[in-house]
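A.B. asks: I have a structure I would like to understand better, so I am pasting it below and will then ask my questions one at a time.
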Amino acid sequence: MSRLEATIRDGKRVTAEEALEIYDWPLARLGKLADERRNQAKGADYGGRGKEVVTYMVDRNINYTNVCDVYCKFCAFYRTEKDADHYVLSQEQIDGKIEELLAVGGNQILLQGGHHPKLNLEWYLNLLRHLRAKYPQVNIHGFSPPEFNHFAEVFGLPLEKVVGLFREAGLGSIPGGGAEILVDRVRQKIAPRKCDTEGWLRVMEIAHGMGMRSSATMMFGHVETPADRIEHLGQLRDLQDRTGGFTAFICWTFQPENTVLKVAKMGSHEYLRMQALSRIFLDNIPNVQSSWVTQGPAMGQVALKFGANDFGSLMMEENVVSSAGTSFRLSLDEMRRLIREAGYEPWQRNNEYELLGEAGESPTLMA
Ligand code: SF4
């Protein structure tokens, strides 16, 4: 066993230089080490059941508008106000989607949208207050850091103020979307009008400082290098050392269909390699989600042996990735079957990764 392998197996931190070395190791070796790290992870013990459990969430994407003036080169979802199929959802439409979520035992909405240039502060605060009052049992996981940077600019308010107002109005936690690769040279190439690395990290630091939790993400396989990916992971790990506010990490490969950015689609081999490396490198983020939505259900299962301890969510109505050509769908029964087939117990969880329903005993859940 090499010194570096011993470092990993002892649960010790690896440096960025070491991560670059590990990146070239055989995939099976990386997977084995990531699986060991998964089983050692703090905060995922689940009362002694830890290693056997794979969690999942029942939530719903609600993309409140597709109007956006950022025009990211990797995005197939946005429309301008001139496009016939642009929309802004009404409160009644959003309520209708939440009623459907409640009917299948869901407990969270993922509320995200394009950067609409005209919606004002009161539109957002009224929506949040309404949802908080009407659906107190549903966590509002919403508004990625680039959206918050956009709000601060459009509303003419400091970021701290905007995040604080949204929190007071009912926002529960923040998704890690819009991170892509947290290296400004890369961001300039793929999304030059989106917030920079510092802007993304600042929203998360502010939110964590207010007691809100968030996820962390990485979209790779476009114009970045492996060293860029590791720099991205380093940014997340450094912030987590300061705040401890990230509950989970999720990575996926760029889905190129219907987008301006023309690169070859990255294969599952590379996805597994990066997820395993991320699990090893991000020693302070307790949970890793497999990304069956982009990789497909079978690869979602395999990813559970490459560092993931969570199967993500049911994702009722996923719009953004499906606009880019990927359209995997699962029912709850299928999700639970896939987890069992991979050798684990499926447990529904909440946003804090607390277990909600015993395996096979979730009477409110239906396919
Ligand atoms: S990824 Fe988000 S910010 Fe970029 S164009 Fe699409 S909707 Fe707009």
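Numbering-wise, my numbering puts 254 at position 13 of the sequence shown, and it's gapless, one number per residue. Glycine included, C-beta positions come from ideal geometry on N, C-alpha and C.
Is the segment 416-426 touching the segment 446-465, taking contact as three or more C-beta pairs under 8 Å?
C.D. replies: Enough Cβ pairs lie closer than 8 Å, so yes.
A.B. asks: Any contact of the segment 520-529 with the segment 268-283, i.e. 3+ C-beta pairs under 8 Å?
C.D. replies: The segment 520-529 vs the segment 268-283: in contact.
A.B. asks: Could you tell me if G485 is buried or exposed, where buried requires 16 or more neighbouring beta carbons within 10 angstroms of its beta carbon?
C.D. replies: G485 should be labelled exposed.
A.B. asks: Within a Cβ cutoff of 6 Å, which residues of the same chain sit near A608, ignoring the five residues on either side of it in sequence?
C.D. replies: Note on A608: pLDDT 27, under 50, position unreliable in the model; no value is reported.
A.B. asks: Are V404 and F396 close, meaning C-beta to C-beta below 8 Å?
C.D. replies: Not in contact: V404 and F396 (Cβ atoms no closer than 8 Å).
A.B. asks: State the Cα-Cα distance for the pair G579 and L597, rounded to the nearest angstrom.
C.D. replies: In the sequence under discussion, the amino acid at residue 579 is Leu, which differs from the Gly named in the question. Cα-Cα distance, rounded: 19 Å.
A.B. asks: So for E246, helix, strand or coil by DSSP?
C.D. replies: E246 falls in the helix class under three-state DSSP.
A.B. asks: Can you tell me whether V501 is buried or exposed? The criterion is at least 16 other CB atoms within 10 Å of its CB, across all chains shown.
C.D. replies: With fewer than 16 other Cβ atoms within 10 Å, it is exposed.
A.B. asks: Rounded to whole angstroms, what's the CA-CA distance from D251 to D524? Just pull it up for me.
C.D. replies: One C-alpha to the other measures close to 12 Å.
A.B. asks: Report buried or exposed for M445, applying the criterion of at least 16 other Cβ atoms within 10 angstroms of its Cβ.
C.D. replies: Buried, since its Cβ has 16 or more Cβ neighbours within 10 Å.
A.B. asks: Please state the DSSP three-state secondary structure of G383.
C.D. replies: Reduced to three states, the DSSP call for G383 is strand.
A.B. asks: Cβ of E262 less than 8 Å from any chain C Cβ?
C.D. replies: Note that chain C does not occur in the displayed structure, where there is just one protein chain.
A.B. asks: What does the alpha-carbon distance come out to for the pair L477 and A457?
C.D. replies: Cα-Cα distance, rounded: 7 Å.
A.B. asks: Under 7 Å from any heavy atom of the ligand SF4, does the C-beta of Y312 make it?
C.D. replies: Yes, the Cβ of Y312 comes within 7 Å of a heavy atom of the ligand SF4.
A.B. asks: If you follow the beta strand (DSSP E) that G598 is in, where does it begin and where does it stop?
C.D. replies: Segment 596-598, the beta strand (DSSP E) holding G598.
A.B. asks: Provide the residue span of the beta strand (DSSP E) that contains V294, from first to last.
C.D. replies: First-last of the beta strand (DSSP E) with V294: 294-298.
A.B. asks: Nearer than 7 Å: is that true of the beta carbon of F318 relative to any heavy atom of the ligand COA?
C.D. replies: The model on display carries the ligand SF4 but not the ligand COA.
A.B. asks: Is it the case that the CB of H356 approaches a heavy atom of the ligand SF4 more closely than 7 Å?
C.D. replies: The answer is yes for H356.
A.B. asks: Report yes if the C-beta of A432 is less than 7 Å from at least one heavy atom of the ligand SF4; otherwise report no.
C.D. replies: Yes, the ligand SF4 has a heavy atom inside 7 Å of this Cβ.
A.B. asks: Can you tell me which of D479, I491, F547 puts its alpha carbon nearest to the alpha carbon of H510?
C.D. replies: The residue with the shortest Cα to Cα distance from H510 is F547.
A.B. asks: Pull up the distance between the alpha-carbon of L489 and that of G541, whole angstroms please.
C.D. replies: Leu is not the amino acid found at residue 489; the sequence shown has Ala there. Roughly 16 Å separates the two Cα atoms.
A.B. asks: Can you tell which of A549, F318, R470 has its C-alpha closest to the C-alpha of V308?
C.D. replies: Checking every option, the nearest Cα to that of V308 belongs to F318.
A.B. asks: Indicate whether G347 and R301 have their beta-carbon atoms separated by less than 8 Å.
C.D. replies: Yes, they are a contact pair.
A.B. asks: DSSP beta-bridge partners for N361?
C.D. replies: Note: N361 sits in no beta bridge, so no partner.
A.B. asks: Tell whether a beta-carbon distance below 8 Å holds between V612 and I335.
C.D. replies: Since the first residue shown for the chain is 242 and the last is 608, residue 612 is missing from the structure and cannot be characterised.
A.B. asks: Measure how close the beta-carbons of L360 and V329 come, nearest whole angstrom, since I'm counting them as under 8 Å.
C.D. replies: That belief holds up - the Cβ atoms of L360 and V329 are roughly 7 Å apart, short of 8 Å.
A.B. asks: What does a CB cutoff of less than 6 Å around R254 pick up in its chain, not counting 5 residues either side in sequence?
C.D. replies: Within the same chain, R254 has close Cβ partners D524.
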